[in-house]
Each structure stands twice: as C-alpha cells, then as structure tokens.
Amino acid sequence: MQPAAASSRLLAGGRVVTPGGVLSPGWIRLAGHLIDAIGSGEPPGPAGPPVTDLRGRWVLPGFIDMHVHGGGGTSFIEGPADDARRAAEFHRRHGSTTIVASLVTAPVAELEARAAMLAGLAREGLITGIHLEGPFLSAARCGAQDPRHMVPPDVAAFASLHAAAAFVRNHHIKK
8 MQPAAASSRL
18 LAGGRVVTPG
28 GVLSPGWIRL
38 AGHLIDAIGS
48 GEPPGPAGPP
58 VTDLRGRWVL
68 PGFIDMHVHG
78 GGGTSFIEGP
88 ADDARRAAEF
98 HRRHGSTTIV
108 ASLVTAPVAE
118 LEARAAMLAG
128 LAREGLITGI
138 HLEGPFLSAA
148 RCGAQDPRHM
158 VPPDVAAFAS
168 LHAAAAFVRN
178 HHIKK
C-alpha cells in the first residue's frame, strides 16, 4: 500500500454502494489506487487529503466482465495490440474494472500469437486473463465457433497455448 499522506484523497457526499447497503451520504478515502477506508456521513478529521465532492452521484463497485471479445469498435480477436488496448480502455471507461479477454476458436498458431499479445496487456494491468473458446471443442456442439478450426484434445497444442499465456497465470494467482 502506498503511504496515505503522499497520495490520499477523499470522495465524499455521494451515495456509496457497499455489500452492507448504501451509505448516503458516504465517503471513501483512497491511498493511491486502493480504498483505504469508507464510512457514512461526513469524512472524519478537521483537515486532510483533497476532497472530491460527489453530491448527487452514485459510487458503485466496478464491474467484472469474464467474457468479452472487444469493445468500442475494436477487438481482442484481431488487429494490433493497440486495438486490443483500446477495447480494454473502452470497458474501463464504462465501469468494468476487471476484464477477461475472450478469443474465438482459430488455428492454434493464431491463438498462440493472440495469447502472447494479450499476456502483454495483462502485464500492463489492462486485462486480468485470457479465455479461449476452443480449439478443443466438439464440432457436433460448436455453437457459434468455426468447426474448421476445432481439433481433438492435444497435449502439445495445449502446452504451447499455455506457454504463450503463462504470464497471465503466474501473475494473477497468489500462493
């Protein structure tokens, strides 16, 4: 956690939604990007960090999107890393604080390249993980996936996909 004095600020006066109910008015003290404390009514202390007045506004927890292919006219599935970055930023601007980028069934080499690129976005903190919708699916039950790219389960192909995205796995699982 960052030192509170160096980067603290208060969000005060809005309706703060918590697991226990709505604090109205409520306040949130931030230490850097982390919530340090929350409360109901006026914030404590006569003087403190800068205050952002949220009267008339709602403060909600961020949304978690566990299956998203892109956004804002760009995609995680195709295009350069900057397009994927713009898709992630689009979701961030609209309330998703955590997203898992989803890829559709494609040739294994293409999925490896996309997974490696998306692992870079995970290092930047723009996405939390990668969701692969194949290629190890049944062609008889492929839904919207392209059956041309379905392959039977293959340990070597799985290992190469796993290696391409290994940073995501290692970065986000706490031991």
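In my numbering, the protein residues as written are 8 to 182.
Using N, Cα and C, we set each Cβ at its ideal position, and we do this for glycine too.
Inter-residue Cα distance where the pair is residue i and residue j
| i | j | result |
| --- | --- | --- |
| residue 95 | residue 136 | 12 Å |
| residue 69 | residue 75 | 15 Å |
| residue 123 | residue 173 | 9 Å |
| residue 15 | residue 59 | 11 Å |
| residue 45 | residue 64 | 16 Å |
| residue 48 | residue 30 | 8 Å |
| residue 171 | residue 110 | 14 Å |
| residue 153 | residue 83 | 17 Å |
| residue 150 | residue 113 | 14 Å |
| residue 103 | residue 26 | 18 Å |
| residue 19 | residue 67 | 13 Å |
| residue 164 | residue 116 | 9 Å |
| residue 42 | residue 166 | 38 Å |
| residue 156 | residue 105 | 29 Å |
| residue 24 | residue 146 | 45 Å |
| residue 93 | residue 160 | 33 Å |
| residue 39 | residue 132 | 15 Å |
| residue 130 | residue 89 | 14 Å |
The ligand FMN heavy atom lying under 7 Å from the CB of residue i
| i | result |
| --- | --- |
| residue 70 | As far as ligands go, the structure on display features none, and thus does not contain the ligand FMN. |
Contact under 8 Å by Cβ, residue i with residue j
| i | j | result |
| --- | --- | --- |
| residue 56 | residue 17 | yes |
| residue 28 | residue 61 | no |
| residue 118 | residue 168 | yes |
Residue i burial status per 10 Å Cβ neighbour count (16 or more: buried)
| i | result |
| --- | --- |
| residue 87 | exposed |
| residue 148 | exposed |
| residue 78 | buried |
| residue 139 | buried |
| residue 81 | buried |
| residue 51 | exposed |
| residue 72 | buried |
| residue 181 | Below a pLDDT of 50, predicted positions are generally treated as unreliable, and residue 181, at 41, falls in that range; no measurement from the model is reported. |
For residue j and residue i, believed in contact at Cβ under 8 Å, the rounded distance
| i | j | result |
| --- | --- | --- |
| residue 158 | residue 142 | 5 Å |
| residue 108 | residue 91 | 7 Å |
| residue 144 | residue 134 | Contact flag wrong, Cβ pair sits at about 23 Å. |
Test: residue i CB closer than 8 Å to a CB of chain C
| i | result |
| --- | --- |
| residue 120 | In the structure shown, chain C cannot be found, because there is only a single protein chain. |
*Taking contact to mean at least 3 C-beta pairs separated by less than 8 Å, is the segment 23 to 40 in contact with the segment 99 to 111?*
Because the criterion of three Cβ pairs below 8 Å is not met, the segment 23 to 40 and the segment 99 to 111 do not touch.
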